[in-house]
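Enquirer: Dropping a structure here in structure tokens format, bear with me for questions.
There are 2 protein chains.
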Amino acid sequence: MFDKVVIVGVGLIGGSFALGLKAAGAAGTIVGLERSGEALARALQLGIVDHAYATPEEALHGADLVLIAAPVAQTGRILESLLPWLAPHTIVTDAGSTKADVVAAARSVLKARIAQFVPGHPIAGRESNGPDAAIPDLYRGKKVVLSPLPENPQAAVDKVAEAWRLCGAIVHQLTPGEHDKVFAAVSHLPHLLAYALVDDIANKAHAGLLFQYAASGFRDFTRIAGSSPEMWRDISLANREALLGELDAYLAQLHGLRARLAAADGPGLEAVYGNAQRARRAWIEAIEAAEKPPTQESGTE
Amino acid sequence: MFDKVVIVGVGLIGGSFALGLKAAGAAGTIVGLERSGEALARALQLGIVDHAYATPEEALHGADLVLIAAPVAQTGRILESLLPWLAPHTIVTDAGSTKADVVAAARSVLKARIAQFVPGHPIAGRESNGPDAAIPDLYRGKKVVLSPLPENPQAAVDKVAEAWRLCGAIVHQLTPGEHDKVFAAVSHLPHLLAYALVDDIANKAHAGLLFQYAASGFRDFTRIAGSSPEMWRDISLANREALLGELDAYLAQLHGLRARLAAADGPGLEAVYGNAQRARRAWIEAIEAAEKPPTQESGTE
Numbered sequence: 000m001f002d003k004v005v006i007v008g009v010g011l012i013g014g015s016f017a018l019g020l021k022a023a024g025a026a027g028t029i030v031g032l033e034r035s036g037e038a039l040a041r042a043l044q045l046g047i048v049d050h051a052y053a054t055p056e057e058a059l060h061g062a063d064l065v066l067i068a069a070p071v072a073q074t075g076r077i078l079e080s081l082l083p084w085l086a087p088h089t090i091v092t093d094a095g096s097t098k099a100d101v102v103a104a105a106r107s108v109l110k111a112r113i114a115q116f117v118p119g120h121p122i123a124g125r126e127s128n129g130p131d132a133a134i135p136d137l138y139r140g141k142k143v144v145l146s147p148l149p150e151n152p153q154a155a156v157d158k159v160a161e162a163w164r165l166c167g168a169i170v171h172q173l174t175p176g177e178h179d180k181v182f183a184a185v186s187h188l189p190h191l192l193a194y195a196l197v198d199d200i201a202n203k204a205h206a207g208l209l210f211q212y213a214a215s216g217f218r219d220f221t222r223i224a225g226s227s228p229e230m231w232r233d234i235s236l237a238n239r240e241a242l243l244g245e246l247d248a249y250l251a252q253l254h255g256l257r258a259r260l261a262a263a264d265g266p267g268l269e270a271v272y273g274n275a276q277r278a279r280r281a282w283i284e285a286i287e288a289a290e291k292p293p294t295q296e297s298g299t300e
Numbered sequence: 000m001f002d003k004v005v006i007v008g009v010g011l012i013g014g015s016f017a018l019g020l021k022a023a024g025a026a027g028t029i030v031g032l033e034r035s036g037e038a039l040a041r042a043l044q045l046g047i048v049d050h051a052y053a054t055p056e057e058a059l060h061g062a063d064l065v066l067i068a069a070p071v072a073q074t075g076r077i078l079e080s081l082l083p084w085l086a087p088h089t090i091v092t093d094a095g096s097t098k099a100d101v102v103a104a105a106r107s108v109l110k111a112r113i114a115q116f117v118p119g120h121p122i123a124g125r126e127s128n129g130p131d132a133a134i135p136d137l138y139r140g141k142k143v144v145l146s147p148l149p150e151n152p153q154a155a156v157d158k159v160a161e162a163w164r165l166c167g168a169i170v171h172q173l174t175p176g177e178h179d180k181v182f183a184a185v186s187h188l189p190h191l192l193a194y195a196l197v198d199d200i201a202n203k204a205h206a207g208l209l210f211q212y213a214a215s216g217f218r219d220f221t222r223i224a225g226s227s228p229e230m231w232r233d234i235s236l237a238n239r240e241a242l243l244g245e246l247d248a249y250l251a252q253l254h255g256l257r258a259r260l261a262a263a264d265g266p267g268l269e270a271v272y273g274n275a276q277r278a279r280r281a282w283i284e285a286i287e288a289a290e291k292p293p294t295q296e297s298g299t300e
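Chains as they are written, first to last, in numbering that gives the first Met the number 0: chain Z, 0 to 300; chain D, 0 to 300.
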């Protein structure tokens with residue numbers, strides 16, 4: 000399917016993409032490209048990539064697909080380093096958690112060659128990071144959002160979509176603006192809230208006592224606060240406007256809930272809690288229905 | 000160990016206590032007591048209890064231990080119904096998520112017989128509820144906080160502690176006030192925050208689109224919003240003062256974080272996120288060290 004795939008940033012996300020393509024027998028060669036040698040050496044050692052390069056010239060030679068799986072703030076710099084060696088038939092995509100800023104950076108760097116860049120975002124993750132966390136099944140049954148640009152030829156979009164489907168993913172499309180608004184609400188805000196809670200507790204005088212009694216509910220609630228602070232700083236800044244909008248809506252919601260609590264308004268609290276429980280249950284049921292094994296006729300992978 | 004144990008409220012919490020004692024071979028008879036017959040009939044059918052009663056007279060006859068595992072707001076009413084049939088040697092404990100209000104209700108009802116009531120709170124749960132969710136291992140390795148009263152004879156406290164240890168739990172002690180302050184921070188506030196987020200999203204015009212892209216991070220963050228709205232309404236009201244204090248501290252934290260985001264203060268955001276990640280990691284490491292299988296000399300269970 001792919002003669003040569005280049006992974007820029009061989010951590011959890013890029014490494015799992017490589018392993019997924021390998022498991023599907025879909026790539027002739029997969030090479031890793033990274034300035035810092037440590038993760039890349041480990042990825043080579045683990046067999047995630049077949050070759051490792053610190054500079055793009057040789058890495059890009061003959062490549063048909065490049066995945067940039069690096070913090071979003073680095074996308075522009077990475078594209079700059081790739082551009083001189085980018086053949087006209089090579090398609091570049093990314094795995095960044097924000098899209099409008101990535102598209103802006105890509106346009107600014109690639110200019111007339113923006114048609115070769117198909118923005119994307121796989122909706123998958125694990126608590127741990129780095130090449131050691133990479134697994135071939137990370138994307139199985141998970142969504143990947145592509146945000147194609149008007150300049151992208153359909154064949155380029157199809158090629159990227161196919162790579163993700165070979166990893167077992169379900170491919171969706173949103174515009175960069177839609178994407179950023181959606182993920183500000185369901186991903187970026189929860190991360191900010193979880194970080195805020197753990198930091199709040201950690202800064203209290205009796206933090207040790209508090210953590211001693213934190214249990215599984217707290218553990219799940221704060222799991223996303225175990226994510227990389229640098230990555231989430233970048234995402235917060237990259238999607239600042241949409242995130243501020245969602246945060247303000249949430250603050251208004253919390254102030255309303257505070258007023259109900261202060262007034263000992265039991266029915267008012269129960270209405271919010273009950274609506275949340277029902278909405279979450281309906282959502283979980285929809286997920287579980289969608290995650291059922293595909294029937295034979297849909298098994299085209 | 001126990002001739003007869005009475006479980007008032009045979010759902011996840013009460014049922015798992017019964018199953019834990021049964022698995023340890025520590026109870027002659029376990030009986031369920033509940034006004035509504037459905038859950039109790041199911042518990043009998045599942046073998047969680049040996050007998051089921053709708054009224055206390057026969058249930059309490061010859062009992063040495065009673066566990067009240069019902070919403071905290073019902074504790075006073077339940078104790079009132081038990082009091083006429085409560086023998087002097089019977090010890091009563093509870094599994095309520097708040098303690099100061101439970102102690103106040105118990106004092107008001109039991110008066111001079113308050114010495115027979117040893118307040119407790121097992122720190123364990125699951126996403127599902129009811130007798131079908133009950134499992135013998137729910138408390139294994141989990142903490143149970145007892146909040147003994149000055150009036151409790153040491154033998155009564157020891158008896159309750161022993162029952163929980165037989166279920167595999169680790170018994171801690173906090174005063175009712177300490178307990179409520181701690182759990183306002185690490186349990187009650189996160190529940191309120193999770194409910195608030197899901198309700199906020201569910202009320203948006205494009206809620207369907209948002210839920211479609213909510214992923215595992217959102218699922219874990221909001222798991223506790225799947226809990227019973229009635230139960231958490233009661234807990235919120237019962238621990239209102241401490242919860243308001245924690246909510247206000249969190250709101251102040253969020254407003255501070257909002258200011259950093261609005262100012263595009265990358266280092267400021269990263270400092271909060273990084274502190275949270277480090278604190279959480281240290282906490283997880285401490286939990287995992289504590290959850291290692293006990294060495295031989297500590298294996299007195």
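Glycine included, every Cβ here is placed at the ideal spot set by N, Cα and C.
These figures come from a predicted structure and were not determined experimentally.
With a CB to CB cut of under 6 Å and the five nearest residues on each side skipped, what residues in its chain are close to Leu-139/D?
Expert: It should be noted that the sequence gives Arg, not Leu, for residue 139/D. Within the same chain, Arg-139/D has close Cβ partners Gly-167.
Enquirer: List, in order along the chain, the chain D residues whose C-beta lies closer than 8 Å to that of Glu-269/Z?
Expert: Pro-228, Glu-229 and Arg-232
Enquirer: Counting pairs of beta carbons, one from the stretch 117-126 of chain D and one from the stretch 28-47 of chain D, are three or more of them closer than 8 Å?
Expert: No, the stretch 117-126 of chain D does not touch the stretch 28-47 of chain D.
Enquirer: Going by beta carbon distance, what residues of the same chain come within less than 6 Å of His-178/Z, once the five residues before and after it are set aside?
Expert: Lys-98, Val-144 and Ser-146
Enquirer: When the Cα atoms are used, what is the spatial distance from Leu-20/Z to Arg-41/Z?
Expert: 19 Å
Enquirer: Counting only C-beta atoms, is Thr-221/D closer than 8 Å to chain Z at any point?
Expert: Chain Z has a Cβ within less than 8 Å of the Cβ of Thr-221/D.
Enquirer: By the DSSP assignment, the alpha helix (DSSP H) with Leu-66/D in it spans what residues?
Expert: Per DSSP, Leu-66/D belongs to no alpha helix (DSSP H); it is in the beta strand (DSSP E), 64-67.
Enquirer: Any contact between the stretch 85-97 of chain Z and the stretch 127-139 of chain Z? By contact I mean 3 or more CB pairs, one from each, below 8 Å.
Expert: no
Enquirer: Since Gly-124/Z meets chain D, which of its residues come closer than 8 Å, beta carbon to beta carbon?
Expert: Ala-214, Ser-215 and Gly-216
Enquirer: Quick check: the Cα distance between Ala-261/D and Tyr-249/Z, rounded to an integer number of angstroms?
Expert: 15 Å
Enquirer: Taking the alpha helix (DSSP H) that Tyr-138/D falls in, what are its first and last residues?
Expert: Neither: Tyr-138/D is in no alpha helix (DSSP H) and is coded neither H nor E.
Enquirer: Would you mind working out which of Leu-165/D, Ser-226/D, Gln-252/D and Ile-200/D sits nearest Ala-201/Z, comparing C-alpha positions?
Expert: Considering only alpha carbons, the answer is Gln-252/D.
Enquirer: Report the rounded CA-to-CA distance for Glu-240/D versus Gly-14/D, giving the unit in angstroms.
Expert: 31 Å
Enquirer: Closest to His-254/D by CA distance: which of Asp-199/Z, Leu-236/Z and Trp-231/Z is it?
Expert: Asp-199/Z
Enquirer: Are Phe-1/D and Gly-24/D touching if we call contact CB-CB under 8 Å?
Expert: no
Enquirer: Would DSSP call Asp-2/Z helix, strand or coil?
Expert: Note: Asp-2/Z maps to strand in three-state DSSP.
Enquirer: Could you confirm whether any beta carbon from chain D is found closer than 8 Å to the beta carbon of Leu-148/Z?
Expert: In terms of beta-carbon proximity, Leu-148/Z stays away from the interface with chain D, with every pair separated by 8 Å or more.
Enquirer: Evaluate His-187/Z with the Cβ neighbour count: other Cβ atoms within 10 Å of its Cβ, from every protein chain shown; 16 or more gives buried, anything less gives exposed.
Expert: buried
Enquirer: Taking the runs of the beta strand (DSSP E) that are 3 residues or longer, which of them lie wholly in the stretch 34-116 of chain D?
Expert: Segments of the beta strand (DSSP E) lying fully in the stretch 34-116 of chain D: 50-52, 64-67 and 90-93.
Enquirer: Which residue from Ala-206/D, Gly-207/D, Lys-180/D and Ala-204/D puts its Cα closest to that of Lys-203/Z?
Expert: Lys-180/D
Enquirer: Considering Ile-169/D, what are the terminal residues of the beta strand (DSSP E) in which it resides?
Expert: 169-172
Enquirer: Tell me, to the nearest whole angstrom, how far the beta carbon of Arg-279/D is from that of Val-197/Z; I am working on the premise that it is less than 8 Å.
Expert: 5 Å
Enquirer: Check the Cβ-Cβ distances between Tyr-138/D and every residue of chain Z, and say whether any is below 8 Å.
Expert: no
Enquirer: Within a Cβ cutoff of 7 Å, which residues of the same chain sit near Ser-235/D, ignoring the five residues on either side of it in sequence?
Expert: His-187, Leu-191 and Leu-242
Enquirer: Using the three-state DSSP reduction, which class does Ala-26/D fall into: helix, strand or coil?
Expert: strand
Enquirer: Rounded to whole angstroms, what's the CA-CA distance from Val-185/Z to Leu-209/D? Just pull it up for me.
Expert: 7 Å
Enquirer: At least one CB of chain D closer than 8 Å to the CB of Val-101/Z: is that the case?
Expert: No, because no Cβ of chain D sits closer than 8 Å to the Cβ of Val-101/Z.
Enquirer: List, in order along the chain, the chain D residues whose C-beta lies closer than 7 Å to that of Ala-263/Z?
Expert: Leu-236 and Arg-239
Enquirer: So which residues on chain Z does Phe-182/D lean against when the C-beta distance must stay under 8 Å?
Expert: Residues of chain Z whose Cβ lies closer than 8 Å to the Cβ of Phe-182/D are, in chain order, Tyr-212.
Enquirer: Note down, in chain order, every chain D residue with its Cβ under 9 Å from the Cβ of Gln-252/Z.
Expert: At a beta-carbon threshold of 9 Å, the residues of chain D lying near Gln-252/Z are Ala-195, Leu-196, Asp-198, Asp-199 and Asn-202, ordered along the chain.
Enquirer: My guess is that Val-9/Z and Tyr-194/D are in contact by the Cβ rule of under 8 Å, so how many angstroms apart are they, rounded?
Expert: That pair is no contact at about 39 Å.
Enquirer: Using the three-state DSSP reduction, which class does His-205/Z fall into: helix, strand or coil?
Expert: coil
Enquirer: Just to confirm, are Asp-93/Z and Pro-70/Z a CB contact at a threshold of 8 Å?
Expert: no
Enquirer: Could you pull out every residue in the same chain whose Cβ sits closer than 7 Å to the Cβ of Gly-298/D, ignoring the five residues on either side in sequence?
Expert: For Gly-298/D, the predicted structure reports a pLDDT of 35, less than 50, and the residue's modelled location is therefore unreliable. A value from the coordinates is still provided. None.
Enquirer: Would you call Asp-247/D buried or exposed, if buried means 16 or more other Cβ atoms sit within 10 Å of its Cβ?
Expert: Around the C-beta of Asp-247/D, fewer than 16 other C-beta atoms lie within 10 Å, and the residue is accordingly described as exposed.
Enquirer: Report the three-state DSSP secondary structure of Phe-142/Z (helix, strand or coil).
Expert: Note on identity: in this sequence residue 142/Z is Lys, with Phe being the wrong assignment. Strand.
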